[in-house]
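**Q** If you read the sequence shown in the numbering used here, its first letter stands for residue 6, the second for the next number, and so on.
For glycine and all other residues, C-beta sits at the position ideal for the given N, C-alpha and C.
Just dropping this structure here.
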Amino acid sequence: MKLNELRIGNLTAKIPIVQGGMGIGVSLSGLAAAVANEGGIGTISGVQIGFREPDFLTDPVSANLRAIGSEIKKAREKSKGIIAMNFMAAMNNYELYVKKAVEEKIDLIVSGAGLPIALPKLVKGSNTKIAPIVSSAKAARIIIKSYLKSERLPDAVVVEGPLAGGHLGFKMNELLEDKCMKLKDIVKEVKLLLSSYEKEYNVRIPVIAAGGIRTKDDISELKEAGADGFQAASLFVPTVECDAHYNFKSAYINATDESVKIIKSPVGMPARAVQTNFLAAGKLSIKKCYKCMPGCNPKEIPYCISEGLLNAVEGRDGLVFSGANLNNINKITTVKEVINKLIG
Ligand SMILES: Cc1cc2nc3c(=O)[nH]c(=O)nc-3n(C[C@H](O)[C@H](O)[C@H](O)COP(=O)(O)O)c2cc1C
Numbered sequence: 006m007k008l009n010e011l012r013i014g015n016l017t018a019k020i021p022i023v024q025g026g027m028g029i030g031v032s033l034s035g036l037a038a039a040v041a042n043e044g045g046i047g048t049i050s051g052v053q054i055g056f057r058e059p060d061f062l063t064d065p066v067s068a069n070l071r072a073i074g075s076e077i078k079k080a081r082e083k084s085k086g087i088i089a090m091n092f093m094a095a096m097n098n099y100e101l102y103v104k105k106a107v108e109e110k111i112d113l114i115v116s117g118a119g120l121p122i123a124l125p126k127l128v129k130g131s132n133t134k135i136a137p138i139v140s141s142a143k144a145a146r147i148i149i150k151s152y153l154k155s156e157r158l159p160d161a162v163v164v165e166g167p168l169a170g171g172h173l174g175f176k177m178n179e180l181l182e183d184k185c186m187k188l189k190d191i192v193k194e195v196k197l198l199l200s201s202y203e204k205e206y207n208v209r210i211p212v213i214a215a216g217g218i219r220t221k222d223d224i225s226e227l228k229e230a231g232a233d234g235f236q237a238a239s240l241f242v243p244t245v246e247c248d249a250h251y252n253f254k255s256a257y258i259n260a261t262d263e264s265v266k267i268i269k270s271p272v273g274m275p276a277r278a279v280q281t282n283f284l285a286a287g288k289l290s291i292k293k294c295y296k297c298m299p300g301c302n303p304k305e306i307p308y309c310i311s312e313g314l315l316n317a318v319e320g321r322d323g324l325v326f327s328g329a330n331l332n333n334i335n336k337i338t339t340v341k342e343v344i345n346k347l348i349g
């Protein structure tokens with residue numbers, strides 16, 4: 006299988022592999038730089054990125070802003086490759102955080118979980134590229150129509166299918182009953198939609214397919230469907246370079262198909278995660294509100310998502326997001342090995 010370079014505007018990744026952003030703290034500068042050094046695109050997660058800063062509990066916004074700067078700087082020190090940042094559009098202070106990453110000259114902002122409508126305004130006048138994440142051609146059309154009002158198009162589109170990890174852009178019942186459209190079919194639809202804009206505006210908008218990519222065969226199937234890039238996240242968790250605690254990585258190694266569940270996240274969206282005692286407990290008292298999501302009322306939710314994710318990344322019992330099909334993930338490996346296996 007011959008794979009082409011992945012071109013996003015004036016950025017060229019020698020290999021078309023993108024490491025998906027993983028919050029909280031699972032993909033920071035360590036993992037992102039390692040993937041970028043292999044010629045792919047590494048993604049730092051911007052979700053509550055300041056969790057290791059001393060003032061995170063008292064002033065999370067300042068801590069997050071500072072950590073955006075320091076993680077980008079660390080990634081640049083470790084790699085000359087392409088570094089992206091991922092932000093959830095539904096997060097509190099989303100615009101503030103994206104602007105900070107743009108000021109720090111991040112190469113690419115990838116953004117989903119809500120409609121990332123504000124991106125053209127936030128990157129205006131900079132070289133930062135933008136890639137919205139969608140799970141349907143319908144969402145892609147809405148986003149593009151809104152970008153065109155700012156005379157802008159996305160530089161790439163990430164198409165995330167139903168096998169991805171973390172929050173999912175599908176209905177709960179469709180996920181549980183296995184009735185979602187397959188990733189390759191969504192890729193085909195989005196590709197068709199983009200081709201009309203590509204013709205009209207004489208540009209190329211690459212499609213990056215994400216969700217459940219585990220093997221070379223998955224890549225060749227998605228390539229045939231029209232994908233230009235291939236985003237993997239779960240495969241990069243049990244690597245030496247991944248920024249999460251060893252316990253997080255070993256939760257992946259020990260997971261089976263039965264222990265990976267579709268859950269209703271406290272943010273209201275379905276999500277995929279490894280079953281842990283934290284999740285099994287159902288209702289947990291909330292000691293501290295991190296004010297991460299607008300409209301979240303700690304009295305009405307079963308547990309705090311920030312607390313669950315922070316516990317997990319630091320090695321305590323918590324919320325371990327993961328993609329589907331972890332059966333063949335059974336040892337700690339390296340970023341190089343993961344990429345070699347995927348593209349040979
Ligand atoms: C631990 C974990 C955390 C994730 N966190 C985020 C996130 O904060 N924002 C986001 O847009 N996607 C997030 N994702 C989705 C990934 O970026 C990626 O698109 C998806 O998981 C790809 O599927 P795969 O894990 O099967 O390779 C997360 C995935 C995992 C496994």
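Which residues does DSSP list as the beta-bridge partners of glycine 171?
**A** Taking the sequence shown and counting its residues from 1, the one referred to as residue 171 is at position 166. DSSP lists Arg277 as partners of glycine 171.
**Q** In this structure, does DSSP put serine 311 in helix, strand or coil?
**A** Taking the sequence shown and counting its residues from 1, one reaches residue 311 at position 306. Reduced to three states, the DSSP call for serine 311 is helix.
**Q** Kindly confirm or deny that the stretch 120-132 and the stretch 166-174 touch, where touching means at least three C-beta pairs closer than 8 Å.
**A** Flag = no, the stretch 120-132 and the stretch 166-174 do not touch.
**Q** Taking C-beta to C-beta, are proline 303 and glycine 287 nearer than 8 Å?
**A** Against the sequence shown, residue 303 aligns to sequence position 298. Against the sequence shown, residue 287 aligns to sequence position 282. Taking 8 Å as the Cβ cut-off, proline 303 and glycine 287 do not qualify as a contacting pair.
**Q** Which one of Ile344, Ser327 and Glu58 has the shortest CA to CA distance from glutamine 280?
**A** As a working note, residue 280 is residue 275 in the sequence shown. The option with the nearest alpha carbon to glutamine 280 is Ser327.
**Q** Which same chain residues end up closer than 7 Å to lysine 104 when comparing Cβ atoms and leaving out the 5 residues on each side of it in sequence?
**A** Taking the first residue of the sequence shown as 1, we reach residue 104 at position 99. Contacts found: Leu127.
**Q** Classify glycine 35 as helix, strand or coil using the three-state DSSP reduction.
**A** As a first step, residue 35 must be located in the sequence shown, where it is residue number 30. The answer is helix: DSSP assigns glycine 35 an H, G or I state.
**Q** Report the CB separation of leucine 324 from isoleucine 310 in whole angstroms; it is logged as a contact under 8 Å.
**A** Residue 324 sits at position 319 when you count from the first residue of the sequence shown. Residue 310 sits at position 305 when you count from the first residue of the sequence shown. Indeed they touch by this definition, with Cβ atoms about 7 Å apart.
**Q** Judging by CA-CA distance, which residue of Leu101, Met96, Tyr99 and Phe92 is the nearest neighbour of leucine 434?
**A** Lying before the first or after the last residue shown, residue 434 is absent from the chain, which here runs from 6 to 349.
**Q** In this structure, does DSSP put methionine 355 in helix, strand or coil?
**A** Residue numbering for the chain in the displayed model covers 6 to 349; residue 355 lies beyond these limits and cannot be assessed.
**Q** Leaving aside the five residues before and after glutamate 10 along the sequence, list all residues of the same chain whose C-beta is less than 8 Å from its C-beta, in chain order.
**A** The residue given as residue 10 occupies position 5 in the sequence shown. The residues are Thr17, Ala18, Lys19, Ile20 and Pro21.
**Q** Since I believe alanine 238 is in contact with valine 164 (beta carbons under 8 Å), could you give me their beta-carbon distance rounded to a whole number of angstroms?
**A** Locating residue 164 in the sequence shown gives position 159, counting from the first residue. Locating residue 238 in the sequence shown gives position 233, counting from the first residue. About 14 Å; that fails the 8 Å criterion.
**Q** At a threshold of 7 Å, does isoleucine 138 count as lining ligand 1 (C-beta to nearest heavy atom)?
**A** In the sequence shown, the residue the question calls residue 138 occupies position 133. Yes, since a heavy atom of ligand 1 falls inside the 7 Å radius drawn around the Cβ of isoleucine 138.
**Q** If I follow the unbroken beta strand (DSSP E) through serine 50, where does it start and stop?
**A** Numbered from 1 along the sequence shown, position 45 holds the residue referred to as residue 50. Residues 46-50.
**Q** Look at leucine 168 and asparagine 42 and say whether their C-beta atoms are less than 8 Å apart.
**A** Along the sequence shown, read from residue 1 onward, the residue named residue 168 stands at position 163. Along the sequence shown, read from residue 1 onward, the residue named residue 42 stands at position 37. Contact: no.
**Q** Output needed for leucine 197: all residues of its chain with C-beta closer than 8 Å, excluding positions within five of it in sequence on either side, in chain order.
**A** For the purposes of this step, residue 197 is identified with residue 192 of the sequence shown, where counting begins at 1. Ala142.
**Q** Pull up the distance between the alpha-carbon of alanine 249 and that of glycine 234, whole angstroms please.
**A** As a working note, residue 249 is residue 244 in the sequence shown. As a working note, residue 234 is residue 229 in the sequence shown. The straight-line gap from Cα to Cα measures roughly 25 Å.
**Q** Please go through the same chain and pick out, in chain order, the residues whose beta-carbon is closer than 8 Å to the beta-carbon of asparagine 97, but skip the five residues on each side of it.
**A** Taking the first residue of the sequence shown as 1, we reach residue 97 at position 92. Cβ neighbours of asparagine 97 beyond the five flanking positions: Lys296, Cys297, Met298 and Pro299.
**Q** Does DSSP put lysine 269 in a helix, in a strand, or in coil?
**A** Here residue 269 corresponds to residue number 264 of the sequence shown, with the count starting at 1. Reduced to three states, the DSSP call for lysine 269 is strand.
**Q** Would you mind sorting arginine 277 into buried or exposed? The rule is 16 or more other CB atoms within 10 Å of its CB.
**A** Sequence index remark: in the sequence shown, residue 277 carries index 272 (1-based). Buried: at least 16 other Cβ atoms inside 10 Å.
**Q** What does alanine 214 pair with, by DSSP beta-bridge criteria?
**A** Within the sequence shown, the letter at position 209 stands for residue 214. Note: alanine 214 sits in a beta bridge opposite Val164 and Phe235.
**Q** Count the CB pairs spanning the stretch 79-87 and the stretch 268-275 that are closer than 8 Å, and state whether there are at least three.
**A** Taking 8 Å as the limit for Cβ pairs, the verdict is that the stretch 268-275 does not touch the stretch 79-87.
**Q** Less than 7 Å between the CB of methionine 274 and some heavy atom of ligand 1, yes or no?
**A** Along the sequence shown, read from residue 1 onward, the residue named residue 274 stands at position 269. Result no, Cβ not under 7 Å from ligand 1.
**Q** Pairing CB atoms from the stretch 129-147 with CB atoms from the stretch 196-213, are three or more of them under 8 Å?
**A** Enough Cβ pairs lie closer than 8 Å, so yes.
**Q** Keeping to the same chain, check which residues put their C-beta closer than 7 Å to that of arginine 71; ignore five residues upstream and five downstream.
**A** Your numbering for residue 71 matches position 66 in the sequence shown. Excluding sequence neighbours, arginine 71 sits near Gly55 and Glu58.
**Q** For a test of the three-state rule: what should DSSP assign to alanine 136, helix, strand or coil?
**A** To locate residue 136, count along the sequence shown from 1; it is residue 131. Strand, per DSSP.
**Q** Just the Cα atoms here: how many angstroms apart are leucine 289 and leucine 181?
**A** Along the sequence shown, one-based indexing puts residue 289 at 284. Along the sequence shown, one-based indexing puts residue 181 at 176. The straight-line gap from Cα to Cα measures roughly 24 Å.
**Q** One question on the structure: do serine 75 and alanine 38 come within less than 8 Å of each other, judged by their Cβ atoms?
**A** On the sequence shown, residue 75 is found 70 positions in, with the first residue counted as 1. On the sequence shown, residue 38 is found 33 positions in, with the first residue counted as 1. No, they are not a contact pair.
**Q** Residue range of the alpha helix (DSSP H) that arginine 146 falls in?
**A** Here the question's residue 146 lines up with position 141 in the sequence shown. That run of the alpha helix (DSSP H) goes 142-153.
**Q** Give a single yes or no on whether glutamine 236 has its beta carbon closer than 7 Å to a heavy atom of ligand 1.
**A** Indexing the sequence shown from 1 puts residue 236 at position 231. Yes, Cβ of glutamine 236 sits closer than 7 Å to a heavy atom of ligand 1.
**Q** May I have the straight-line CA-CA distance separating alanine 95 from proline 243, to the nearest angstrom?
**A** Taking the sequence shown and counting its residues from 1, one reaches residue 95 at position 90. Taking the sequence shown and counting its residues from 1, one reaches residue 243 at position 238. Answer to the nearest angstrom: the Cα atoms are 28 Å apart.
**Q** State the CB to CB distance for the pair glutamine 53 and isoleucine 29, rounded to an integer number of angstroms; the pair is presumed to be in contact (CB under 8 Å).
**A** Reading the sequence shown from its first residue, position 48 is the one you call residue 53. Reading the sequence shown from its first residue, position 24 is the one you call residue 29. At roughly 5 Å, the Cβ-Cβ gap stays under 8 Å, so glutamine 53 and isoleucine 29 are in contact.
**Q** Give the DSSP-derived three-state secondary structure of valine 208 in the structure shown.
**A** Position 203 of the sequence shown, counting from 1, holds the residue named residue 208. Valine 208 falls in the coil class under three-state DSSP.
**Q** At a cut-off of 7 Å, is asparagine 91 close to ligand 1 when judged by its beta-carbon and the heavy atoms of the ligand?
**A** The residue you call residue 91 lines up with position 86 of the sequence shown. Checking every heavy atom of ligand 1 against the Cβ of asparagine 91, one is found closer than 7 Å.
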